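**Q**
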Amino acid sequence: MEQLALFPEKGQSTGIPDGLLTYLPGLIEAGPGSLLMDQLVHSATWKQKSVQMYDKQVLTPRLSAWYADPDTYDYTHLRRSTPNLWTPELLQLKSLVEPIAGVQFNSVLLNYYRDGNDSVAWHSDNEKALGTHPTIASLSFGQVRAFDIRCKADHRQKYSIRLEHGSLLIMKGNLQQEWEHRIAKSPKRMAPRLNLTFRIVTKA
Numbered sequence: 001m002e003q004l005a006l007f008p009e010k011g012q013s014t015g016i017p018d019g020l021l022t023y024l025p026g027l028i029e030a031g032p033g034s035l036l037m038d039q040l041v042h043s044a045t046w047k048q049k050s051v052q053m054y055d056k057q058v059l060t061p062r063l064s065a066w067y068a069d070p071d072t073y074d075y076t077h078l079r080r081s082t083p084n085l086w087t088p089e090l091l092q093l094k095s096l097v098e099p100i101a102g103v104q105f106n107s108v109l110l111n112y113y114r115d116g117n118d119s120v121a122w123h124s125d126n127e128k129a130l131g132t133h134p135t136i137a138s139l140s141f142g143q144v145r146a147f148d149i150r151c152k153a154d155h156r157q158k159y160s161i162r163l164e165h166g167s168l169l170i171m172k173g174n175l176q177q178e179w180e181h182r183i184a185k186s187p188k189r190m191a192p193r194l195n196l197t198f199r200i201v202t203k204a
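1 is the number of the first residue of the sequence shown in UniProt numbering; add one for each residue after it.
(1) Identify the continuous alpha helix (DSSP H) that holds His133 and give its terminal residues.
(2) Is Ile28 helix, strand or coil by DSSP?
(3) Between the alpha carbons of Met37 and Thr45, how many angstroms are there, rounded?
(4) Taking Cβ to Cβ, would you say Arg182 is nearer than 8 Å to Ser140?
(5) What is the rounded straight-line gap between the Cα of Ile28 and the Cα of Ser50?
(6) When the Cα atoms are used, what is the spatial distance from Trp122 to Glu98?
(7) What is the DSSP secondary structure of Leu36, reduced to helix, strand or coil?
(8) Can you tell me whether Val58 is buried or exposed? The criterion is at least 16 other CB atoms within 10 Å of its CB, across all chains shown.
(9) DSSP has Val108 in a bridge; who is on the other side?
(10) Going by C-alpha distance, which of Pro32, Ala65, Thr22 and Lys56 is nearest Val41?
(11) Considering only DSSP beta bridges, list what residue 214 is partnered with.
(12) Tell whether a beta-carbon distance below 8 Å holds between Ala101 and Ile170.
(13) CA-CA distance, Lys172 and Leu130?
(14) With distances taken Cα to Cα, identify the nearest neighbour of Phe198 among Glu180, Arg114, Lys128 and Leu91.
(15) On a CA-only basis, which of Asp18, Trp179, Gly142 and Lys185 is nearest Leu168? Give me that one, please.
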């Protein structure tokens, strides 16, 4: 079973190495952010992915939806004959984050965390389809959750950022090659959280 969060619920970790993350709280104001979250939660084509764990198939503890340009490869294994195409709301958010990230994205992965039991385990977004040093822009709405990172070579090097409602986190540099990240389960009662990660995916 996945461990619960190792980090305090208040404040950000200090000493995060330079060049890995940029965190911008309050990019989207609370009211408009709540409206966007409600629209996306009710309109997205949610799926719950099944993954192999040891000798059985288990469902991932969150819901996901994948949107992209028409000719973009769906590397997330949420298999469709064609990708979900951009909605007006997603295009609006894409145009907001691209100038800040300094790249033009061709896809976005939505993850819906329904409560504190929903999570994502330690992992890196280091698939070949994302390139060697991807820039990924992550928008968060709803419940504050801890975004934990740890060094692959030394798990004692651990840090955490509290992803607030309307915030933007940009992952860059060597983060995906040398570090892992997660959203841990929480023993406390939590409201829903919506996360959008904008990515550049190699086209088929």
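Here a beta-carbon is modelled for each residue, glycine too, at the ideal position from N, C-alpha and C. All values derive from a computational prediction rather than experimental measurement.
**A** Working from what's here:
(1) Taken as a continuous stretch (DSSP letters only), His133 belongs to no alpha helix (DSSP H), as it is neither H nor E.
(2) coil
(3) 14 Å
(4) no
(5) 33 Å
(6) 26 Å
(7) helix
(8) exposed
(9) Tyr67 and Phe198
(10) Ala65
(11) Because the chain in this structure spans residues 1 to 204, residue 214 falls outside the shown range and cannot be described.
(12) yes
(13) 12 Å
(14) Leu91
(15) Gly142
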